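Below is one structure; the comments refer to it alone.
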Amino acid sequence: MEIKPILSALKRNKVGAILIAAQMALTMTIIVNAVFMINERQSQIDRPSGVDEDNVFVFSYSGFAKDYNERVQLMSDLDYIRQLPGVVSAVQSNSAPLIGGGWSMSLATEAGSDSNGTGTAIYFTDERGLDAYGVKLIAGRNFTENEVTWRERTDRNWPGQTIITKALAEQLFEDNWQDALGKTTYIAEQQPVKIIGIIERMQAPWNGWNGLERSMLVPQRTLFGSARIIVRTEPGQVERLMTEVEEGLLANYKGRLIKRVRSMNEIRERSYRAHSGMNTILTTLVIALTIVTALGIIGLASFSVNRRRKQIGTRRALGATKLDIMRYFLLENFIISTFGIVLGIGLTIGLNIVLVNALDLPRIDWYYIPAGMLVLWVIGLLSVYGPARKACAISPAIATRSV
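With my numbering, you'll find the sequence shown wraps up at 403, consecutive numbering, no jumps.
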């Protein structure tokens with residue numbers, strides 16, 4: 001084995017080996033944590049909202065004319081939208097998943113201020129809400145038309161029925177989420193609300209909230225002067241109907257504003273724009289650092305080959321084959337890389353601990369470290385392959401010349 005001669009040679013020429021090892025350690029530390037952060041952010045971006053995103057769009061309205069009657073105009077607008085070809089359903093609501101603004105309340109299994117409530121997003125809707133959002137009812141029933149009421153800004157009372165998400169049911173009834181169906185919960189400390197249905201998933205308006213999938217639907221239309229309309233279309237009709245609905249509503253009545261007409265796909269893109277931007281930056285950093293590391297190894301290996309041309313020629317003259325020379329340089333690089341990678345493991349874990357404490361990130365999964373080790377070894381070996389081939393081409397006759 002050539003390990004002992006390689007180690008002896010490295011001791012005599014420490015600077016180059018230390019530079020490569022340090023570069024490998026730094027590269028592993030940054031790349032492994034960066035890839036982990038990219039995957040974490042991407043997994044957040046990819047979380048399903050629960051609604052039929054490809055076929056839903058949302059817009060806001062607000063009245064300003066003296067003759068504006070929100071109740072009358074709202075029902076007129078909804079009737080107009082629902083009769084358009086390609087529209088599946090439409091409903092007024094206060095918010096939509098990932099949109100960034102909405103209501104939240106605390107829901108508890110017991111009445112009283114001392115009860116431990118669970119935070120939940122609030123969606124005001126009516127009997128058409130499930131169809132309009134495209135959410136999936138997995139237990140219980142939908143609201144009936146008779147259960148839907150009107151809510152003024154000053155109202156403090158809540159309807160006696162609600163539909164909640166499975167995630168909220170699991171939080172309220174930890175033993176079995178299905179036990180939530182038919183149970184009475186309490187909102188605003190004292191007001192009883194019966195759970196009549198459970199939907200599979202419907203995210204809250206805020207993507208960074210730790211209770212993202214805890215939501216409840218309330219059978220009320222609001223009279224706040226402004227709100228949102230949720231429109232669900234047949235597949236492939238969103239873009240056309242976004243324009244048609246906006247133009248039609250403005251033509252029908254000019255005493256209210258129609259604004260922020262957006263598809264759910266656009267809402268998702270806007271909601272996670274910062275996440276996507278950071279992923280782009282981190283991906284660029286990973287690629288750039290990989291290239292810099294590879295170029296650094298190539299440069300130092302080439303310098304080492306040029307500096308040891310006579311030594312290589314002597315070995316060739318003494319019977320070393322091209323394969324022996326190739327194996328020597330590859331093994332030398334592997335040893336240097338291993339020292340750097342071992343140091344990088346410690347630095348990787350240390351940086352992750354800092355990120356966990358500073359940014360509230362989860363701890364890095366164990367498999368990222370061996371994967372990072374393998375990638376760095378491959379980068380090192382591929383980078384040194386070119387200079388090693390150059391070393392193999394050195395003629396034994398070079399040993400007889402002066403360097």
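Note that beta-carbon positions come from the ideal geometry of N, C-alpha and C, so glycine has one too. None of these values were measured; they are calculated from a predicted model.
{"Asked": "Suppose you measure from the CA of R270 to the CA of P97; what does that come to, to the nearest Å?", "Found": "12 Å"}
{"Asked": "Thinking just about the alpha-carbon of each residue, which of D52, R47, E127, L172 is nearest to the one in F143?", "Found": "E127"}
{"Asked": "Considering only residues of the same chain and omitting the five flanking positions on each side of H275, which have a CB-CB separation below 7 Å?", "Found": "R41, Q44, I45"}
{"Asked": "Quick one: Cα of I198 to Cα of G63, how far?", "Found": "34 Å"}
{"Asked": "Using only CA atoms, which one of R315, A204, L323 lies nearest to I267?", "Found": "A204"}
{"Asked": "Within 10 angstroms of its Cβ, does N333 collect 16 or more other Cβ (buried), or is it exposed?", "Found": "buried"}
{"Asked": "Skipping 5 residues on each side, what residues in its chain have a beta carbon closer than 8 Å to that of D54?", "Found": "P235, V238, M264, N265"}
{"Asked": "Do the stretch 70-80 and the stretch 286-306 make contact, defined as three or more Cβ pairs closer than 8 Å?", "Found": "no"}
{"Asked": "Nearest-angstrom Cα distance between N26 and I349?", "Found": "Note that residue 26 corresponds to Leu in the displayed sequence, not to Asn. Their backbone Cα atoms lie some 12 Å apart in a straight line."}
{"Asked": "Mind the definition here: the stretch 143-157 touches the stretch 97-111 only if three or more C-beta pairs lie below 8 Å; say whether that holds.", "Found": "no"}
{"Asked": "With a threshold of 16 other CB atoms inside 10 Å of the CB of E174, please say whether the residue is buried or exposed.", "Found": "exposed"}
{"Asked": "Are the Cβ atoms of T222 and N94 separated by less than 8 Å?", "Found": "yes"}
{"Asked": "With DSSP as the reference, please indicate the residues paired to E239 in a beta bridge.", "Found": "Note: E239 sits in no beta bridge, so no partner."}
{"Asked": "Alpha carbon to alpha carbon, how far is G313 from S395? Give it in angstroms, no decimals.", "Found": "6 Å"}
{"Asked": "Taking the C-alpha atoms as reference points, what is the distance between N116 and G340?", "Found": "51 Å"}
{"Asked": "Short of 7 Å in beta carbon distance, which residues of its chain neighbour V384, apart from the five on each side in sequence? Order them along the chain.", "Found": "I297, A301, F329, L330, N333"}
{"Asked": "In the DSSP assignment, find the unbroken alpha helix (DSSP H) run with L130 in it and report its ends.", "Found": "129-133"}
{"Asked": "On the three-state DSSP scale, how would you describe S226?", "Found": "strand"}
{"Asked": "Counting C-beta neighbours from all protein chains within 10 Å, is the total for W366 16 or more, i.e. buried, or is it exposed?", "Found": "exposed"}
{"Asked": "Give every residue of the same chain whose Cβ lies closer than 8 Å to the Cβ of I163, excluding the five residues on either side of it in the sequence, and list them in chain order.", "Found": "L130, L137, G140, N142, F143, I195, I196, G197, I198, I199, M216, L217"}
{"Asked": "For E147, which residues from the same chain have a beta carbon less than 6 Å from its beta carbon, with the 5 sequence-adjacent residues on both sides left out?", "Found": "Q161, P219"}
{"Asked": "So R273 and F59 are in contact, right, with Cβ under 8 Å, and what is the actual spacing, rounded?", "Found": "Contact doesn't hold; Cβ gap of about 20 Å is too wide."}
{"Asked": "Tell me which residue opens and which closes the beta strand (DSSP E) that K259 is part of.", "Found": "256-263"}
{"Asked": "Looking only at DSSP bridge pairs, what is A139 linked to?", "Found": "I198"}
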